[in-house]
Amino acid sequence: MSIYKFRVDFLEEAKEFLDGLDEKARDKIFYNIWKVRSINDKELFKKLQNEIWEFRTMFNKTYYRLFAFWDKTDKTDTVVISSHGYVKTISRVPKSEIEHAEKLRKKYFNEKTNTK
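In structure tokens:
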């Protein structure tokens, strides 16, 4: 039995975001994701609205956010899908970012349904 509550997969936009970051910032984000997989930490993984969540990381006074959603369609494997990321510059999460995450979530499940 795994000590992790879920695994994390990354959509292409999330991978591109992470690839564009400084190596140390990227390492810190991966560390926080690894950490939240085994412990419940609302400072690192927080529900934003409806089905959209965010992985939260602060590194060198910069706030990084990776949007995510749950895929519980496989009863034996719970997956959190990271849709995309951005560098936070204002206190509120822009509505457009949440809407983009929701659009990617719908596309993910539509494609998953159509490939079966």
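Following the numbering used here, the numbering of the sequence shown begins with -8 at its first residue and continues without gaps.
Yeah, the Cβ is synthetic: ideal placement off N, Cα and C, and Gly gets one too.
Note that the structure is a prediction, hence the values are computed from the model and not measured.
Reference residue i; option with closest CA among the options
i: TRP44; options: VAL27, PHE50, ASP18 and THR104; result: VAL27
i: GLU7; options: ASN41, GLY76 and THR106; result: GLY76
i: LYS52; options: THR64, VAL78 and GLU102; result: VAL78
i: LEU39; options: THR69, GLU14, ILE89 and ARG96; result: ILE89
First and last residue of the uninterrupted beta strand (DSSP E) at residue i
i: ASP0; result: -2 to 1
i: GLU73; result: The residue you asked about is not Glu; residue 73 is Ser in the sequence shown. 70 to 79 is the span of the beta strand (DSSP E), which, as asked, contains SER73.
i: ILE43; result: 43 to 50
i: LYS54; result: Lys is not the amino acid found at residue 54; the sequence shown has Tyr there. Note, TYR54: beta strand (DSSP E), 53 to 62.
Contact test: residue i Cβ vs the ligand SAH heavy atom, cutoff 7 Å
i: LYS94; result: With respect to the ligand SAH, the structure shown offers nothing to examine, as it has no ligands at all.
Residue i burial status per 10 Å Cβ neighbour count (16 or more: buried)
i: THR48; result: buried
i: GLU71; result: According to the sequence shown, residue 71 is Val rather than Glu. Buried, by the Cβ-count rule.
i: ASN23; result: buried
i: TYR(-5); result: exposed
i: ILE81; result: exposed
i: ARG(-2); result: exposed
i: ILE20; result: buried
Boundaries (first-last residue) of the alpha helix (DSSP H) holding residue i
i: THR104; result: 86 to 105
i: ASP18; result: 14 to 27
Nearest-angstrom Cβ-Cβ length linking residue i and residue j, presumed shorter than 8 Å
i: SER87; j: LEU2; result: That pair is no contact at about 17 Å.
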